[in-house]
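To convert, note that position 50 of the sequence shown is 603 in our numbering; the numbers rise steadily by one, no gaps.
We treat Cβ as the ideally placed atom computed from N, Cα and C, and that holds for glycine.
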Amino acid sequence: MNTGKLLLLLLTLLSSSLISTAQYKVLQPFSKAQQDSLKMEIDIMVANDQKYRWMLMYGETDGQKLKVLRSMSKQDQSVRMQQARANKVGITQAVKDSLWKLQVHIDSENFSRLSSILYKYGVPHSIMPGHVSIILDHTPDMITDGLLALLKQEVQDKHFPRFEYAVIYDGLQNYRKLPELYHVTKYYSTTTKTAAIKQPEDLEATNKARKEIGLKRLKKQ
554 MNTGKLLLLL
564 LTLLSSSLIS
574 TAQYKVLQPF
584 SKAQQDSLKM
594 EIDIMVANDQ
604 KYRWMLMYGE
614 TDGQKLKVLR
624 SMSKQDQSVR
634 MQQARANKVG
644 ITQAVKDSLW
654 KLQVHIDSEN
664 FSRLSSILYK
674 YGVPHSIMPG
684 HVSIILDHTP
694 DMITDGLLAL
704 LKQEVQDKHF
714 PRFEYAVIYD
724 GLQNYRKLPE
734 LYHVTKYYST
744 TTKTAAIKQP
754 EDLEATNKAR
764 KEIGLKRLKK
774 Q
């Protein structure tokens, strides 16, 4: 996921009323120590999720230089990332390949541990909105229909934000080169300079699916 999309996703998740903590109920009895431990573990996973990605995106491994690059204007950041992808600036392709292998290993370990937590406990109610989707976004090839069904049940039981589930589901649809179903993710257009959702191919099917998990209907545009 590129920087712009990641930030847009986080802002949308955090600002949506659908992710209010009032939505959550404890799936099963948890001690405070268990809740704190799981929250800390998932927080570490999210931090590790970005461990090498910034280096790869900007073509830079020096921490101080990365801070400077990330403080630039969005336009300058975009130019830098394009140049880094083309190997015109920054680290060599060989270094990128090495970093990517390390990141893929982290992603795989994150998914394995997160899925283990989800199957054992359901979604811990103390975790930050967006954390589950951030981890799963980078391992679409590992997401099973069984895990999706588990998350959907968590939504229906009010243990997991419906909006975040929809983001995960549609992200997997995109990975599988299939049409989105819920249409919740906004995409930035360089032409209009605005962000908007994609228009559903089948509005009736989309609204039926949205209603099932408690999302508002979309209007035809």
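Between the CA atoms of residue j and residue i - distance to the nearest angstrom
| i | j | result |
| --- | --- | --- |
| D723 | V642 | 34 Å |
| D660 | H691 | 7 Å |
| Q726 | M681 | 24 Å |
| N694 | S742 | The question names Asn, yet the displayed sequence has Asp at residue 694. C-alpha separation (whole angstroms): 27 Å. |
| Q588 | H678 | 8 Å |
| D650 | Y728 | 22 Å |
| H712 | Y674 | 11 Å |
| K764 | T614 | 46 Å |
| G616 | N760 | 46 Å |
| L734 | R715 | 13 Å |
| T697 | V599 | 20 Å |
| A702 | V648 | 39 Å |
| R770 | H736 | 11 Å |
| K578 | A749 | Confidence at K578 is low in this model, with a pLDDT of 41, below 50, so the placement of that residue is unreliable and no value is reported for it. |
| Q646 | N663 | 25 Å |
| S669 | T745 | 43 Å |
| L671 | K751 | 30 Å |
| D629 | I597 | 30 Å |
| I595 | S624 | 27 Å |
| A639 | T738 | 28 Å |
| S584 | D710 | 20 Å |
| Q576 | P732 | With a pLDDT of only 39 at Q576, under 50, the local geometry of the prediction cannot be trusted, and the value read off the model is given with reservation. If you take the alpha carbons of Q576 and P732, they lie about 28 Å apart. |
| P753 | Q706 | 24 Å |
| S590 | V676 | 14 Å |
| S665 | H658 | 11 Å |
| S626 | Q635 | 14 Å |
Strand pairing of residue i, partner residues [DSSP]
| i | result |
| --- | --- |
| I750 | K739 |
Whole-Å CB distance - residue i paired with residue j, under 8 Å assumed
| i | j | result |
| --- | --- | --- |
| R633 | L622 | 6 Å |
| L700 | Y718 | About 11 Å; that fails the 8 Å criterion. |
| I766 | V685 | Going by Cβ atoms, the distance from I766 to V685 rounds to 15 Å, so no, they are not a contact pair. |
| M610 | A637 | 7 Å |
| L667 | M608 | Actually they are not in contact, since the Cβ atoms of L667 and M608 sit about 23 Å apart, beyond 8 Å. |
| Q656 | Y605 | 4 Å |
| D602 | I721 | In fact, because the Cβ distance is near 14 Å, the residues do not count as touching under 8 Å. |
| I644 | G683 | Rounded, the Cβ-Cβ distance is 29 Å, inconsistent with contact. |
| L756 | K730 | In fact, because the Cβ distance is near 21 Å, the residues do not count as touching under 8 Å. |
Delimiting residues of the alpha helix (DSSP H) encompassing residue i
| i | result |
| --- | --- |
| F778 | For residue 778 there is no data in the structure shown, the boundaries of the chain being 554 and 774. |
| T759 | L756 to I766 |
| Y611 | R606 to Y611 |
| E594 | K585 to D602 |
What runs of the alpha helix (DSSP H), each 4 residues or longer, lie entirely inside the stretch 618-684? 627-638 and 646-674
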